[in-house]
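Let me begin by presenting the structure, written as structure tokens, before commenting on it.
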Amino acid sequence: MLAFEILSQIVSNLKDDQETLATLATLSHTLRNITQPFLYYSPQFKTFKKFELFTSQLTEQTGSLVRQLDLHMLPHRWEAKMNKSLIRLAPKIPNLQLLNLDLCSQLTNKSLIQLTKYLYDLRILCIDQCTLINDEAIEALIQCCPRIQEIYLGSTHITDASLILMARHLKSLTRVHMPGCEKISEVGVRALTEECKTLKHFDIKDCYNIVGDFRQLISDNEYEDEYEFDEYESVYESEED
Numbered sequence: 398m399l400a401f402e403i404l405s406q407i408v409s410n411l412k413d414d415q416e417t418l419a420t421l422a423t424l425s426h427t428l429r430n431i432t433q434p435f436l437y438y439s440p441q442f443k444t445f446k447k448f449e450l451f452t453s454q455l456t457e458q459t460g461s462l463v464r465q466l467d468l469h470m471l472p473h474r475w476e477a478k479m480n481k482s483l484i485r486l487a488p489k490i491p492n493l494q495l496l497n498l499d500l501c502s503q504l505t506n507k508s509l510i511q512l513t514k515y516l517y518d519l520r521i522l523c524i525d526q527c528t529l530i531n532d533e534a535i536e537a538l539i540q541c542c543p544r545i546q547e548i549y550l551g552s553t554h555i556t557d558a559s560l561i562l563m564a565r566h567l568k569s570l571t572r573v574h575m576p577g578c579e580k581i582s583e584v585g586v587r588a589l590t591e592e593c594k595t596l597k598h599f600d601i602k603d604c605y606n607i608v609g610d611f612r613q614l615i616s617d618n619e620y621e622d623e624y625e626f627d628e629y630e631s632v633y634e635s636e637e638d
């Protein structure tokens, strides 16, 4: 048998090939121990049935290895049964750092609240196009997941209340993506840019409730030159064209 260190290096080179890793895990106890961290770090699923099987069979030990969960391309992610699977999974993955639920259109406030209350170490949350989500879920998220660095909220029904809470409590926030959030205004954007000193990028494209010149909203902020942003198209400019 090759030295443990050599085997570990070989397996690390296969970290993105889950089928091969799964096969290796069946060959010996040593290989199983080596492959497990790579298999569970960022599990991938081709069908919803496989995801459901994963949630039911995951143990406390293997669940602690999961760091990333990207479901935005999972077939049938838009169905309501996704909520039950996520709620069942949540207590098993306390070390999760990235959660992508983009386009899970039936994701509810209740489910997101139940899910995130276990995810203290979460750093990146993607819920673009989850149109049932509003301030209720974001308020709970902020309380449970204070380490959030990036949040993607496109086309959700958040208001300025969510932006104000994020500005006050998410001390590591660097990126906010919220195109198509039509209930936010310049009030929330100003709070975010003035109070959130770590913010580097935000997207407010198609946020038509924001009036006036966006750049004026950040003109008094000492960090103005460090921002990257995607600005909404002015309705007045469109009319002039």
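Under this note's numbering, think of the first position of the sequence shown as 398, with each following residue one higher.
For every residue, glycine included, the Cβ atom is placed at its ideal position computed from N, Cα and C.
| request: Return the first residue and the last residue of the alpha helix (DSSP H) that phenylalanine 599 is part of. | output: Your numbering for residue 599 matches position 202 in the sequence shown. Taken as a continuous stretch (DSSP letters only), phenylalanine 599 belongs to no alpha helix (DSSP H), being part of the beta strand (DSSP E) at 598-600.
| said: Let me make sure I understand the geometry here. Which of Ile484, Ala400, Thr590 and Asp518 has the alpha-carbon closest to that of valine 544? | reply: As a working mapping, residue 544 is identified with position 147 in the sequence shown. For the record, residue 544 in the displayed sequence is arginine; it is not valine. If we check each option's Cα against that of arginine 544, Asp518 comes out closest.
| Roughly how far, in whole angstroms, is the beta-carbon of threonine 381 from the beta-carbon of aspartate 525, given that I think they are within contact range, below 8 Å? | Beyond the ends of the chain as shown, which are 398 and 638, falls residue 381; an answer cannot be given.
| request: Please report the residue range of the alpha helix (DSSP H) in which cysteine 523 lies. | output: Indexing the sequence shown from 1 puts residue 523 at position 126. From DSSP, cysteine 523 is part of no alpha helix (DSSP H) but of the beta strand (DSSP E) over 521-523.
| task | Find out if the Cβ-Cβ distance for the pair isoleucine 535, glutamine 511 is shorter than 8 Å. | result | Here residue 535 refers to the residue found at position 138 when the sequence shown is read from its first residue. Here residue 511 refers to the residue found at position 114 when the sequence shown is read from its first residue. Contact: no.
| Extent of the continuous alpha helix (DSSP H) run through glutamate 579 | Within the sequence shown, residue 579 is the residue found at index 182, counting from 1. First-last for glutamate 579: undefined, no H or E at that position.
| serine 616 to histidine 566, Cα distance in whole Å? | Your numbering for residue 616 matches position 219 in the sequence shown. Your numbering for residue 566 matches position 169 in the sequence shown. Because serine 616 carries a pLDDT of 47, less than 50, the predicted location of this residue cannot be relied on, and no value is offered for it.
| task | Give a yes or no on contact between the segment 566-577 and the segment 589-605, applying the rule of three or more CB pairs nearer than 8 Å. | result | yes
| task | For tyrosine 549, name the three-state secondary structure that DSSP assigns. | result | If you number the sequence shown from 1, residue 549 lands on position 152. Assignment of tyrosine 549 by DSSP, reduced to helix, strand and coil, places it in the strand class.
| How long is the line joining the alpha carbons of asparagine 410 and histidine 554, rounded to whole angstroms? | By one-based count along the sequence shown, residue 410 stands at place 13. By one-based count along the sequence shown, residue 554 stands at place 157. Going from the Cα of asparagine 410 to the Cα of histidine 554 covers about 42 Å.
| request: Determine the closest residue to serine 569 out of Gln546, Val586 and Ser552, with distance taken between C-alpha atoms. | output: The count along the sequence shown starts at 1 and reaches residue 569 at position 172. Answer by Cα proximity: Gln546.
| query | Does the Cβ-Cβ distance between leucine 450 and leucine 496 come in under 8 Å? | reply | Taking the sequence shown and counting its residues from 1, the one referred to as residue 450 is at position 53. Taking the sequence shown and counting its residues from 1, the one referred to as residue 496 is at position 99. Cβ distance not < 8 Å, so leucine 450 and leucine 496 don't count as in contact.
| task | Could you tell me whether the segment 486-503 touches the segment 456-473, where touching means 3 or more Cβ pairs closer than 8 Å? | result | yes
| request: Mind checking which residues open and close the alpha helix (DSSP H) that includes leucine 483? | output: Taking the sequence shown and counting its residues from 1, the one referred to as residue 483 is at position 86. Here the alpha helix (DSSP H) through leucine 483 covers 478-486.
| query | Does DSSP put leucine 496 in a helix, in a strand, or in coil? | reply | Here residue 496 refers to the residue found at position 99 of the sequence shown. Leucine 496 falls in the strand class under three-state DSSP.
| If we ignore side chains and look at the alpha-carbon of each, how far apart do leucine 639 and glutamine 458 end up? | There is no way to answer for residue 639, as the model of the chain reaches only from 398 to 638.
| C-alpha distance - alanine 537 paired with asparagine 430, whole-angstrom precision | Translated into the one-based positions of the sequence shown, residue 537 becomes position 140. Translated into the one-based positions of the sequence shown, residue 430 becomes position 33. Distance between alanine 537 and asparagine 430, taken at the CA atoms: about 36 Å.
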